[in-house]
Amino acid sequence: MGKIRTPYLLLLPGFGFLFVFFILPILNLAQTSTQTAVGGGDTGQYEQTFRFQNYIDAFVENKEQFGRSFVYALIATLLALAISYPLAYAIAFKSGKYKNFFLVLVVAPFFTSFLLRTVAWKQILGEEGFVVPTLRNIGIISDSTTLTSTAFAVVMGMTYNFLPFMTLPLFASIDRIDPRTLEASGDLYANGFTTFRKVTLPLSMPGVVAGTLLTFIPAAGDYVNAAILGSPNTKMIGNVIESRYFKIVDYPTAAALSFTLMAAILILVTIYIRKAGTEELV
Amino acid sequence: MSFDASSARGDLILTRITKEYGDFKAVDDLSLTIPKGSFFALLGPSGCGKTTTLRMIAGLEEPTVGSIHLGQTDITTTKPYQRPINTVFQNYALFPHLTIFENIAFGLRRRGIKDVDAEVNKVLNLVELPHLAGRKPTQLSGGQQQRIALARAIVNRPALLLLDEPLGALDLKLRRQMQIELKWIQKEVGLTFVHVTHDQEEAMTMADTIAVMNEGKIEQMGSPADLYDDPETAFVANFLGQSNLIKGTISGNDGDSLIADVFGQKISLPKSRSHAVDNSIYVGIRPEKFRISLLNTPVNGNVLTGGRIEDVSYIGVSTQYQVEMPWGQELMVFEQNDDGVAPFNKGDAVNISWAPVFTFALRGDEDVTAGSEVNPEDPDEE
Numbered sequence: 695m696g697k698i699r700t701p702y703l704l705l706l707p708g709f710g711f712l713f714v715f716f717i718l719p720i721l722n723l724a725q726t727s728t729q730t731a732v733g734g735g736d737t738g739q740y741e742q743t744f745r746f747q748n749y750i751d752a753f754v755e756n757k758e759q760f761g762r763s764f765v766y767a768l769i770a771t772l773l774a775l776a777i778s779y780p781l782a783y784a785i786a787f788k789s790g791k792y793k794n795f796f797l798v799l800v801v802a803p804f805f806t807s808f809l810l811r812t813v814a815w816k817q818i819l820g821e822e823g824f825v826v827p828t829l830r831n832i833g834i835i836s837d838s839t840t841l842t843s844t845a846f847a848v849v850m851g852m853t854y855n856f857l858p859f860m861t862l863p864l865f866a867s868i869d870r871i872d873p874r875t876l877e878a879s880g881d882l883y884a885n886g887f888t889t890f891r892k893v894t895l896p897l898s899m900p901g902v903v904a905g906t907l908l909t910f911i912p913a914a915g916d917y918v919n920a921a922i923l924g925s926p927n928t929k930m931i932g933n934v935i936e937s938r939y940f941k942i943v944d945y946p947t948a949a950a951l952s953f954t955l956m957a958a959i960l961i962l963v964t965i966y967i968r969k970a971g972t973e974e975l976v
Numbered sequence: 033m034s035f036d037a038s039s040a041r042g043d044l045i046l047t048r049i050t051k052e053y054g055d056f057k058a059v060d061d062l063s064l065t066i067p068k069g070s071f072f073a074l075l076g077p078s079g080c081g082k083t084t085t086l087r088m089i090a091g092l093e094e095p096t097v098g099s100i101h102l103g104q105t106d107i108t109t110t111k112p113y114q115r116p117i118n119t120v121f122q123n124y125a126l127f128p129h130l131t132i133f134e135n136i137a138f139g140l141r142r143r144g145i146k147d148v149d150a151e152v153n154k155v156l157n158l159v160e161l162p163h164l165a166g167r168k169p170t171q172l173s174g175g176q177q178q179r180i181a182l183a184r185a186i187v188n189r190p191a192l193l194l195l196d197e198p199l200g201a202l203d204l205k206l207r208r209q210m211q212i213e214l215k216w217i218q219k220e221v222g223l224t225f226v227h228v229t230h231d232q233e234e235a236m237t238m239a240d241t242i243a244v245m246n247e248g249k250i251e252q253m254g255s256p257a258d259l260y261d262d263p264e265t266a267f268v269a270n271f272l273g274q275s276n277l278i279k280g281t282i283s284g285n286d287g288d289s290l291i292a293d294v295f296g297q298k299i300s301l302p303k304s305r306s307h308a309v310d311n312s313i314y315v316g317i318r319p320e321k322f323r324i325s326l327l328n329t330p331v332n333g334n335v336l337t338g339g340r341i342e343d344v345s346y347i348g349v350s351t352q353y354q355v356e357m358p359w360g361q362e363l364m365v366f367e368q369n370d371d372g373v374a375p376f377n378k379g380d381a382v383n384i385s386w387a388p389v390f391t392f393a394l395r396g397d398e399d400v401t402a403g404s405e406v407n408p409e410d411p412d413e414e
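From first to last, the protein sequence lines are chains A and B. Per the working numbering, the first sequence runs over residues 695 to 976. Per the working numbering, the second sequence runs over residues 33 to 414.
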C-alpha cells in the first residue's frame, strides 16, 4: 500500500501549487469575463451577470489586433526557424569540443532582463544606431524611412527574444541524429539537398514542432515588443489586454480577450500537431 | 559529367594512397588492387587505417595523395552519391524514421528505379526477413538490423560492397552464423565485397584474399592459408593466430632447405619460407604444428630437446601446453585431444618435434611482440 501511495504523495506539492496558482486564477478569470459594470458604481466595480455577449463584443472590437498578433507571431516563428535551424545544425554537428560553449552563448541573453534587451533593440534600430544610417547609405531604405515604431521592429524584436526557445529544442533533436545515417544517405545516392529533405529534416521534426510551439505561443500573447518597439498601428492583442486591465480597468473585457486568445492558440496548436504528425516520429 | 562514375565497373585500384590528419598519417602510401567479384578483407588492429581506407573508397573521405580507380574510371574525388559503391555501416545506420521497406527502397528511389516493390521484396527474401517490411528499425533485433543493412546495400547491385565491421555488434554465435551467410550471399549475388575487420577469424572464414594492415601500410596480402602458413613479418605471424618465434642463425644449405642453429640444436626449414635478409633469423612454428614426446621416444623431423612442461590447460578440443626450453623461452603447444586424455603432466621432461615444412623464418631484427599486444576487442577506429 505505502509503495503505491508514495508517488501520489510526492505529486501533492505540485498539484497544490497548480491548484492555487493556475486553476483558481483561471476560474476567477472565467467568472470575471462574464461580469458587467455595476450601474452607477465606481470604475472597476463589476457584478456577475453571465453576460456571454462580452466575448463577442471583445472579439469584434479587437479583430484587427487578434489578426495582427497571429500574423506577427507566425512571421517571427518562421524567421526564428530559418535562423535557428542552421545554427542548431552547426552546433550539433560542426562545433566539436566547443559545443557546450556555443550552447551557453545561445542562452546567455537570458542573463539580462527581457525588457532591457528589447529596449536595446530600440537603440539598435533607432536613428542614432548604426543600422539605419548604414541601410540609408547603401540605399536599401530611403532617407525618410525609420525602423522604430514599425511592424518590422516588432517582428524583429520578437524573433530575437524568442530565438533561444527555437534553437534549444532544435539542437536537442538534431544532436540526437546519428551522423552515420547522413553518411548512409549519401552512400545511397542522395545528394546533400535530398539527404536534408529525406533524412535530416524528418529526424529533426520533434525539435521543429517543439521549437515552433515554444516560439509561437508566447509570441502570440506578447505585448512587450509591440509596446517598446511598435506604434499604435502595431498593437497586438497582448497590448489590448494590458491596457484594458491596467489602464481602463475593464476587467471583464480583458478576461474575455484572454480566454479567446487561449482558445484560439489551443485550436491552432492542436491542428498544427495533428498535421505535423509528431506521434509518428521516433 | 561525373555521373559517368555510376556505371563504372571492374577491379578497384588504389594507387599510392596517403591520408593525413594533421601530423598523423592514417594511411601511408598504400597501393592495392581488389579484383572484381572477390571477397576481400582488410584486417588489422584498431587505428591501423583500415576504416580510413574504406571511407576513402566509399567517398566519405578524400585521400591527401593518391588515386582511386574503379575499372577505367577515376573516382578519387567523386561524391559518395555518385559512386556505384554501397556500404554496410558499423552499427548499421538504418534510417530510424523509415520502415524497413523504405530503408531498403531508399537507394532505388534516389536512382529512379521503376520496380521498387519487386526489387525490395526480392532482397528481403534473400535475407529471409520478408515479414518485417512494415516495421521500424528500432523494433528489430541486432541480427535482423544487420541483415536489413546488408539488404539496403545489395539491393542497389553496386560494383563494390563495403562492409565496415558489420558483425562487430553481434554476439559470438550470431556472428559465426552471419559469417557463413554473408559468404553465401556474396556468392549468390556475385558482387565484390570489401570487408573491414579486426577479427582475424572472421576475415579468414569469409575472405578469398586478406590484406593485413598495420600503421597505415599493408604488411602482407594473400589467401588466408598463405598468410597463416607463411607469414612474412612478426606482426602477421602474431596477429593471425599465435606463433612461436625462436631466435636462430642460418648455418647451412641442403637443397631446397636451409639448416638453422637454434640454441645449439639443428633444425631444417624450406628455403621458400625464409623471409630473412641475412643469417640472423627468427624461426617460426604455429603451436598446433608441434608434437610433444617423452625424452626417449624416437621422433621424425625437427626436434628440440630439453623441454619441461610448465603448464597444462585442457580446453576441450585441444590441450594447450606451455613448455619451457633450456634457453628459458616458453613455447606454446596445442595438442588435439584425439584420445580424450591429456597424456602429459606438469613437470614432464619432453622433446618437441614438428615437420620441417611447417617452419617459417622471419628477419632476425624483427620485434617479436609486434601484433601480439594489440587489443583486438577495441572496436573504435580512427
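Cβ coordinates follow ideal geometry from the N, Cα and C atoms, glycine included. Please read all numbers here as calculations on a predicted model, not as lab measurements.
With 16 other CB atoms within 10 Å as the buried threshold, where does residue 877 of chain A fall?
Buried: at least 16 other Cβ atoms inside 10 Å.
For residue 140 of chain B, I'd like the list of residues in its chain whose CB is within less than 8 Å of its CB, leaving aside the five on either flank, ordered along the chain.
For residue 140 of chain B, where only same-chain residues beyond five positions count, the Cβ hits under 8 Å are 148, 151, 152, 187, 188.
Check each residue of the segment 869 to 890 of chain A: if its Cβ is closer than 7 Å to any Cβ of chain B, include it; give the result in chain order.
Per Cβ criterion, the list reads 872, 874, 875, 877, 878, 880, 881, 882, 883, 884, 885, 888.
For the alpha helix (DSSP H) that residue 187 of chain B lies in, which residues bound it at each end?
Careful: residue 187 of chain B lies outside any alpha helix (DSSP H) and carries neither H nor E.
Check the C-beta distance from residue 5 of chain B over to residue 90 of chain B and give it rounded, since I have them as a contact under 8 Å.
This structure does not reach residue 5 of chain B, given that chain B is present from 33 up to 414, and the question cannot be answered.
Contact criterion: CB-CB distance below 8 Å. Does residue 281 of chain B meet it with respect to chain A?
Output row for residue 281 of chain B: interface = no.
Count the other C-beta atoms from every protein chain shown that fall within 10 angstroms of the C-beta of residue 209 of chain B, then say buried if there are 16 or more, exposed otherwise.
Exposed is the call here.
For residue 868 of chain A, which of helix, strand or coil comes out of DSSP?
Residue 868 of chain A falls in the helix class under three-state DSSP.
I'd like the span of the alpha helix (DSSP H) that includes residue 131 of chain B, first residue to last.
Unbroken run through residue 131 of chain B: none, as it is neither H nor E.
Keeping to the same chain, check which residues put their C-beta closer than 7 Å to that of residue 976 of chain A; ignore five residues upstream and five downstream.
Because the pLDDT at residue 976 of chain A is just 38, under 50, the model does not fix this residue reliably, and the point stays unresolved.
With H, G and I counted as helix, E and B as strand and the rest as coil, what does DSSP make of residue 930 of chain A?
Three-state DSSP puts residue 930 of chain A in coil, outside helix and strand.
Could you tell me which chain B residues have their CB closer than 7 Å to the CB of residue 893 of chain A, listed as they occur along the chain?
Residues of chain B passing the Cβ test: 127.
How big is the Cα-Cα spacing for residue 285 of chain B and residue 317 of chain B?
Each residue's Cα considered, the two are about 20 Å apart.
Please identify, using Cβ separations under 9 Å, the residues of the segment 89 to 107 of chain B that lie next to chain A, in order along the chain.
Hits within the stretch, in order: 90, 91, 92.
Return the CA-CA distance between residue 411 of chain B and residue 700 of chain A, expressed in angstroms with no decimal places.
The predicted position of residue 411 of chain B is uncertain, since its pLDDT is 44 and thus under 50; a value taken from the coordinates is nonetheless stated next. Each residue's Cα considered, the two are about 44 Å apart.
For residue 143 of chain B, decide whether its Cβ has a neighbour in chain A, counting only Cβ atoms nearer than 8 Å.
So, interface residue.
Would you call the segment 93 to 106 of chain B in contact with the segment 40 to 48 of chain B, where contact means no fewer than 3 C-beta pairs closer than 8 Å?
Because the criterion of three Cβ pairs below 8 Å is met, the segment 93 to 106 of chain B and the segment 40 to 48 of chain B touch.
In chain order, what residues of the segment 893 to 924 of chain A put their CB closer than 7 Å to some CB of chain B?
Result list: 893, 896, 897.
Helix, strand or coil for residue 412 of chain B per DSSP?
Model confidence at residue 412 of chain B stands at a pLDDT of 44, short of 50, so the residue's coordinates are unreliable and nothing is read from them.
Is the segment 952 to 968 of chain A in contact with the segment 729 to 738 of chain A, if contact means three or more CB pairs nearer than 8 Å?
No, the segment 952 to 968 of chain A does not touch the segment 729 to 738 of chain A.
Could you spell out where the alpha helix (DSSP H) holding residue 215 of chain B opens and where it closes?
Where residue 215 of chain B is concerned, the enclosing alpha helix (DSSP H) stretches over 204 to 221.
Can you tell me whether residue 363 of chain B is helix, strand or coil according to DSSP?
Correct three-state label for residue 363 of chain B: strand.
Could you spell out where the alpha helix (DSSP H) holding residue 157 of chain B opens and where it closes?
Counting along the chain, the alpha helix (DSSP H) containing residue 157 of chain B begins and ends at 148 to 158.
From residue 813 of chain A to residue 727 of chain A, what distance separates their C-alpha atoms?
Looking at the two C-alpha atoms, the distance is approximately 33 Å.
If the criterion is Cβ atoms closer than 8 Å, does the pair residue 427 of chain B and residue 193 of chain B meet it?
What is shown of chain B runs 33 to 414, which leaves residue 427 of chain B out entirely.
Within 8 Å of any Cβ in chain A, is that where the Cβ of residue 260 of chain B sits?
Cβ-Cβ to chain A under 8 Å: no for residue 260 of chain B.
So is residue 159 of chain B buried or exposed if we call it buried at 16+ other beta carbons inside 10 Å?
So residue 159 of chain B counts as buried.
Check the Cβ of residue 138 of chain B against every Cβ in chain A and list those closer than 7 Å, keeping chain order.
Under the 7 Å cutoff, chain A gives 882.
When DSSP labels each residue in this structure, what does residue 717 of chain A get in the three-state scheme?
DSSP places residue 717 of chain A in helix when its eight states are reduced to three.
Determine the burial state of residue 278 of chain B: buried for a count of at least 16 other Cβ atoms within 10 Å of its Cβ, exposed for fewer.
Classification of residue 278 of chain B: buried, given that the 10 Å Cβ count is 16 or more.
Using only the alpha-carbon positions, how far apart do residue 755 of chain A and residue 968 of chain A sit?
Using only the alpha carbons, I get a separation of about 31 Å.
Quick one: complete alpha helix (DSSP H) runs, 4+ long, within the segment 53 to 111 of chain B?
For the segment 53 to 111 of chain B, whole alpha helix (DSSP H) runs of length 4 or above, ordered along the chain, are 82 to 90.
What does the alpha-carbon distance come out to for the pair residue 62 of chain B and residue 274 of chain B?
Straight-line Cα distance between these residues: approximately 26 Å.
Give me the chain A residues within the contact set of residue 270 of chain B, using Cβ-Cβ distance strictly less than 9 Å, ordered along the chain.
Here the premise fails: no neighbours, minimum Cβ distance about 32 Å.
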